[in-house]
Structure formats: C-alpha cells, structure tokens
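Colleague: Take this structure first; my questions come after.
Protein chains: 2
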Amino acid sequence: MTAVTNDEEQLYYKEITPSGFGIAIKLKKVLFSEQSKYQKVEVLESDSKLGRILTLDDLMMATEGDEYFYHEMIAHIPMINHKCPKDVLVIGGGDGGTVREVLKHKTVEHVVLCEIDKMVIDVSKEYLPTISCKLDDPKVEIRVEDAIKYIEDKKQQFDVILIDSTDPLGPGVGLFTEKFYTNVKEALKPDGIMVAQSESPVAFEEDIKSMYGMLKKVFPIVSSYTSPIPTYPGGYWAWAFCSENVEPLSYIDEERCAEITKQCKIYNKDYHLARFALPTFLDELVE
Amino acid sequence: MTAVTNDEEQLYYKEITPSGFGIAIKLKKVLFSEQSKYQKVEVLESDSKLGRILTLDDLMMATEGDEYFYHEMIAHIPMINHKCPKDVLVIGGGDGGTVREVLKHKTVEHVVLCEIDKMVIDVSKEYLPTISCKLDDPKVEIRVEDAIKYIEDKKQQFDVILIDSTDPLGPGVGLFTEKFYTNVKEALKPDGIMVAQSESPVAFEEDIKSMYGMLKKVFPIVSSYTSPIPTYPGGYWAWAFCSENVEPLSYIDEERCAEITKQCKIYNKDYHLARFALPTFLDELVE
Numbered sequence: 262m263t264a265v266t267n268d269e270e271q272l273y274y275k276e277i278t279p280s281g282f283g284i285a286i287k288l289k290k291v292l293f294s295e296q297s298k299y300q301k302v303e304v305l306e307s308d309s310k311l312g313r314i315l316t317l318d319d320l321m322m323a324t325e326g327d328e329y330f331y332h333e334m335i336a337h338i339p340m341i342n343h344k345c346p347k348d349v350l351v352i353g354g355g356d357g358g359t360v361r362e363v364l365k366h367k368t369v370e371h372v373v374l375c376e377i378d379k380m381v382i383d384v385s386k387e388y389l390p391t392i393s394c395k396l397d398d399p400k401v402e403i404r405v406e407d408a409i410k411y412i413e414d415k416k417q418q419f420d421v422i423l424i425d426s427t428d429p430l431g432p433g434v435g436l437f438t439e440k441f442y443t444n445v446k447e448a449l450k451p452d453g454i455m456v457a458q459s460e461s462p463v464a465f466e467e468d469i470k471s472m473y474g475m476l477k478k479v480f481p482i483v484s485s486y487t488s489p490i491p492t493y494p495g496g497y498w499a500w501a502f503c504s505e506n507v508e509p510l511s512y513i514d515e516e517r518c519a520e521i522t523k524q525c526k527i528y529n530k531d532y533h534l535a536r537f538a539l540p541t542f543l544d545e546l547v548e
Numbered sequence: 262m263t264a265v266t267n268d269e270e271q272l273y274y275k276e277i278t279p280s281g282f283g284i285a286i287k288l289k290k291v292l293f294s295e296q297s298k299y300q301k302v303e304v305l306e307s308d309s310k311l312g313r314i315l316t317l318d319d320l321m322m323a324t325e326g327d328e329y330f331y332h333e334m335i336a337h338i339p340m341i342n343h344k345c346p347k348d349v350l351v352i353g354g355g356d357g358g359t360v361r362e363v364l365k366h367k368t369v370e371h372v373v374l375c376e377i378d379k380m381v382i383d384v385s386k387e388y389l390p391t392i393s394c395k396l397d398d399p400k401v402e403i404r405v406e407d408a409i410k411y412i413e414d415k416k417q418q419f420d421v422i423l424i425d426s427t428d429p430l431g432p433g434v435g436l437f438t439e440k441f442y443t444n445v446k447e448a449l450k451p452d453g454i455m456v457a458q459s460e461s462p463v464a465f466e467e468d469i470k471s472m473y474g475m476l477k478k479v480f481p482i483v484s485s486y487t488s489p490i491p492t493y494p495g496g497y498w499a500w501a502f503c504s505e506n507v508e509p510l511s512y513i514d515e516e517r518c519a520e521i522t523k524q525c526k527i528y529n530k531d532y533h534l535a536r537f538a539l540p541t542f543l544d545e546l547v548e
C-alpha cells in the first residue's frame, strides 16, 4: 500500500506493518518527494502537533514532534554507560538527530556520521532544522558512503558506535548481518559499546529473534532495552546494547547524567535504570 | 471522522486523537454494531494478528491480540503491592479482561464488576471469549449500574479499586471528577489502593494534568506508572496509583509475584519495579 492516501477528503500518512496494524497521521501536504539512488525520500507536513515528517521508502524515520523519544534513547543509554566517550560513529541517521544528542556529551571530540544517502542529509538540513541542527558542528565528520565498506578496515577506533539504520529492507539490509556486526566489534575499542536500533517488539518479532541470534554470535554481552515511540508502528521500540566488556548499567556517569537530563525531554537517571527491565514475552524473544 | 473507513478498497479502523495522529488497523468486517442506551458498541474483525476488536463510541477498548498489555498492567501493579487483596471493585471494564487478571490472585474472595452498559458485557461474552472468560466465575458479582451511584454509600469495603473506564467523554466523564475520587477513597479500606487508567501521556497531556490535579486534592499518595499499549493512540499509556497509606513499590508480595509472572505475557517483577520511572516530560506533567 502507498503511505500517503486520501481518505474521505483527508490526506493521511499510514504505515501498516505486515502484521496488519500501524499508525496514521493527518497530513496537510507533501513537501518533498524524490527517488534517490537508494530509496524514496519524502518530507510530509502533518496536520498535527507532530510537525514535519521524514520517511524513507514509506517507512517513518522521524517527526519533528516526537523524534526525541527515539534519539535520546539511542544515544544517551550507551553514552552515559561509557566512562569517557570521545570517538563516536553513527551509522545511518542522516537526519542528524542522533548526532545532535551525542554532541550534548562534553567528553566527545569527534563524531563520524556514515550515511549512504546524501539526499537524506540535504533534505534534513533544508526541511528539518531542529533535528539536523548540529550536522555542521566542527566535531562532526560526514562520510557519504556505505557503512559496510567504511567499517571494514577500522580497528579499535571508536568508543561508541550507534547503528541508526532503517528497517532490514532495501539499503539497510546489509546492516543486519553477522559479518557487519563482527566488523563493528573490531572497530570498537576494548571498552566500547555498540547500540543498534532493533525494531518493534510487537510488530517484527521474527526480525528481532534473528537479529539477537546474530548479535550473540559476535558479542559476549548482548542486552535489549526498550522505550515507547508514539509514531513508530506498535508504539514501542527496542535497541540492542552490545559490548565485549561493558555490562549495561555497570557504570553511570553521574555528572554527565545530570547534565544530559537537563537538556532532555525523556532521559533521566531513573528512566535510564528502568530501561533494561523487559516484558516477559520480549525477554524470551531475545534470550 | 468515522472510525471505520474504506480506503482504496481496504477497510480500516482508524483512531485519530485531537492531536492529529493515532492508529490504523486493517479490517475484514464489522461483526457487531449497535447503539446502546449509552454509546455505540462495535466489534470488528481485524485483518491482522490482533484478531477481534471492541470499540465504544469509536474509541479502542481492546483487541484480542494485545489486550494483555493493558489488563496485566492495570491489575497486577496494585494487586502485588497490596499485602492481601480480598475484596476488589472494578469500575467499567465490562469486557472482563481486568476481572480475569484480578482472579489470578489466590487471595481474592470477591470481585464486584460495576459496568453501566449491559451491552458491553453481553457483546464481550459473545464475541470476545478469551477476554470475558471469567465473568461467570462464582467470585464475581456483576452490577449493571452507574458506578457514581454505586460507590456513594460504600465505606471501607474494598482492598483494591480499579477504574477501567473509557476516556473522559460520554458515559465516562463522571468518573473523572473530584467528587467521584473522594467517594472511591472512602470506599477503600485504610490500606487500600486505587488504580485508574489515566490516558496517553503523548496524546492527552491536558487531560492528564487536570486528572492528576484532582487526584492530589483527594489522595495523600498519588503516583503515575506507564507501559506501552500497541493499539492505543500514542502507543503509550499511564495509570494513576493512589492511596491513603500505601506507597507504590513499598511492598511486593514475592510469592504471588512469582505465581502471577508464570501466568502473564508482560508482567514480571523487574518490569513491575521499573514502571514508576517516568520520562521527564511526564514527571513534570503529573507533578
């Protein structure tokens, strides 16, 4: 089905998972729609408090109104759990939201954003300034290239790697393989942490199962944490926390935690500590 | 807008909040649709793993596929926090899902279900047997009457009261008033706990603010806990935990906790302990 439909004189963005349910958002108009070399890139103007919406191949990436639900969670859980994250790699995430959150940590010296699709970066800079606002920061190095190639020769270079990918379809599919995760592990310093978005526990059970199966072959430490995201299908999202040596919640940088909390709408210490307590069905799925 | 729409040859249930976004579910057909004395009652057959759906006045009440996200959370958080819940009152909840969860606790001797609309009970018994399955249990007393009247003369009678109401619209509106909460408090024993569904923190901010404002005038102890619900708008729900004397998490009945966990898809001890850690914006909203 197409994502933008005109139902009874009202334009909608609808994203229905293969499970048969999902989200619907009233739209005013389509602001941008083009096929890049890799995917369909669209910016929609919603008729709601969500503001503008970025979609790739008809899959929701971010809305201005609720993007912090996703970006705060992918960034701050591993960053606060790391003693001193200086070098950070963000894979995907061309909208810039994850980079913006990473830069809130004063320890950070260098962030590489490796995004395959230049159109995502350009469109985000033009249409989504509150999300992309830090992409021109001097600490940020933007690499428009395939992360699968980029990571191949990197050894013990990053403190934190965040895989802010699309779903395991289209250009994102190579980011959900054992080989790729192995290269990511080798690109991490020994006390490094990788976090990858790992889909909706209620809409994509099979994807989650296969992804955590692969991750456990590569990393000795693999945990899952979750948080709600109002505009992702199922309303509930999971991230994989992986490391060679660092257990989740084994360390909380109290000072940075307090600083980051002041700058966030979701993140705070208690919320952080509660994130790894999973509902039973998900515990069994990622086991 | 109507909830059931035919978009491009596909029947949908769409529930869009006044904020302009919400949920969409593919439908096969409408199984039941009638106007009761109080509201429009519908049962829809979804074209998804959610199975059948109960709606009241075009608002989602429960789906067969994900109802446990709601019912486990409204019931077990207060029940496990109570030392020995014997007498329980469920207000609303005519589908029977909350009663079913309450009866999993072996301490329970008597559950009153006070539902204003007999049609909800009858339709749930006929179309939603996995949800309504315990409504004929000998411990259950069904009162088809207005909870506002029912509660007026009850004094120190219940250990736990669960307000499993619709939204603060239509027949549910009188269940969101200071006077009603005062009567509920008086109907509780001194160590009693009330839990009320308190809407979506992302779609109904103003409703939440006003509701918690009222609750704090009535109860010395008022806390909020949250959990995802895939098919409620915003995908994320809050419940108010209120008591004269019992702090949330001040007690966990370990034995019952372990027993209940075995019978649940979501609920477990760690998940319970994590529920009161709120995202910052919600902490501020209910403050």
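Sequence lines, in order, name chains H and S.
In the working numbering, each number is its position in the first sequence, counted from 1, plus 261.
In the working numbering, each number is its position in the second sequence, counted from 1, plus 261.
A virtual CB, placed ideally from N, CA and C, is assigned to each residue, including glycine.
1. From the DSSP output, in three-state form, read off Thr263/S for me.
2. I need the DSSP call for His371/H, collapsed to helix, strand or coil.
3. Only counting runs of 3 or more residues, tell me where the beta strand (DSSP E) segments fall wholly within the stretch 317 to 398 of chain S, in order along the chain.
4. How many angstroms separate the CA atom of Val373/S from the CA atom of Lys379/S?
5. Rounded to a whole number of angstroms, what is the C-alpha to C-alpha distance between Ser309/H and Phe419/S?
6. If you scan the stretch 439 to 465 of chain H from start to end, which runs of the beta strand (DSSP E) of 3 or more residues do you find wholly inside it?
7. Rounded to a whole number of angstroms, what is the C-alpha to C-alpha distance between Asp514/S and His366/S?
8. State the Cα-Cα distance for the pair Lys301/S and Glu460/S, rounded to the nearest angstrom.
9. Could you have a look at Tyr532/H and say whether DSSP puts it in helix, strand or coil?
10. Would you give the residue range spanned by the alpha helix (DSSP H) that Tyr411/H belongs to?
11. DSSP beta-bridge partners for Ser280/S?
12. Taking CB distances under 7 Å as the criterion, tell me whether Ser485/H reaches chain S.
13. Show which residues of chain H have a CB atom less than 8 Å away from the CB atom of Cys243/S.
14. For a cutoff of 7 Å on Cβ pairs, would you count Tyr532/H as touching chain S?
15. What does DSSP give as the partner residue(s) for Gln296/S in the beta ladder?
16. Quick check on DSSP: helix, strand or coil for Pro489/S?
17. So Trp500/S and Ile352/S are in contact, right, with Cβ under 8 Å, and what is the actual spacing, rounded?
18. Please state whether the Cβ-Cβ distance between Ser324/S and Glu303/S is less than 7 Å.
19. Quick one: Cα of Leu543/S to Cα of Pro462/S, how far?
20. For Leu292/S versus Glu276/S, is the C-beta distance shorter than 7 Å?
21. Is Lys260/S buried or exposed, if buried means 16 or more other CB atoms sit within 10 Å of its CB?
22. In chain order, what residues of the same chain lie with their CB nearer than 8 Å to the CB of Arg536/S, ignoring the 5 residues before and after it?
23. Using 8 Å for Cβ pairs, my map puts Ala285/S next to Gly283/H. What's the rounded Cβ distance?
24. Can you list, in chain order, the residues of its chain with a C-beta nearer than 7 Å to that of Met340/H? Leave out the 5 residues immediately preceding and following it.
25. I'd like to know if Lys629/H contacts chain S, where contact means its C-beta is closer than 7 Å to some C-beta of that chain.
26. Would you check if the stretch 469 to 488 of chain H and the stretch 431 to 445 of chain H touch, i.e. whether three or more CB-CB distances between them fall below 8 Å?
27. Is the CB of Ala535/H under 7 Å away from at least one CB in chain S?
28. Looking at the unbroken alpha helix (DSSP H) that takes in Ile521/S, where does it start and where does it end?
29. Under DSSP, the alpha helix (DSSP H) around Glu545/S begins and ends at which residues?
30. Which term fits Leu430/S, buried or exposed, when burial requires 16 or more other beta carbons within 10 angstroms of its beta carbon?
31. With DSSP run on the structure shown, which of helix, strand or coil describes Lys287/S?
32. Look up Asp425/H in the DSSP assignment and give the residues it is bridged to.
33. For the beta strand (DSSP E) that Val405/H lies in, which residues bound it at each end?
34. Inspect the beta-carbon positions of Tyr442/S and Val401/S and report whether they are closer than 7 Å.
35. Output, in chain order, the set of chain H residues within a Cβ distance shorter than 7 Å of Ser280/S.
36. From which residue to which residue does the beta strand (DSSP E) around Ser504/H run?
Modeller: Let me lay it out:
1. Summary for Thr263/S: the model assigns pLDDT 43, below 50, so the residue's position carries little reliability; its value from the coordinates is reported in the next sentence. Correct three-state label for Thr263/S: coil.
2. strand
3. 320 to 324, 348 to 353, 371 to 375
4. 14 Å
5. 42 Å
6. 449 to 458
7. 11 Å
8. 20 Å
9. helix
10. 408 to 412
11. Bridge partners of Ser280/S: none, in fact.
12. no
13. Residue 243/S lies beyond the residue range present for chain S, which begins at 262 and ends at 548; the question has no answer from this structure.
14. yes
15. Lys301/S
16. strand
17. About 13 Å; that fails the 8 Å criterion.
18. Position check: residue 324/S holds Thr in this sequence, whereas Ser was assumed. Cβ atoms of Thr324/S and Glu303/S: not closer than 7 Å.
19. 7 Å
20. no
21. What is shown of chain S runs 262 to 548, which leaves residue 260/S out entirely.
22. Met334, Ile338, Tyr486, Thr487, Ser488
23. 6 Å
24. Pro346, Val363, His366, Val421
25. Residue 629/H is absent from the model: chain H starts at 262 and stops at 548.
26. yes
27. yes
28. 515 to 523
29. 541 to 547
30. exposed
31. strand
32. Gly353/H
33. Counting along the chain, Val405/H falls outside any beta strand (DSSP E), and DSSP gives it neither H nor E.
34. no
35. Ser309, Lys310
36. 497 to 504
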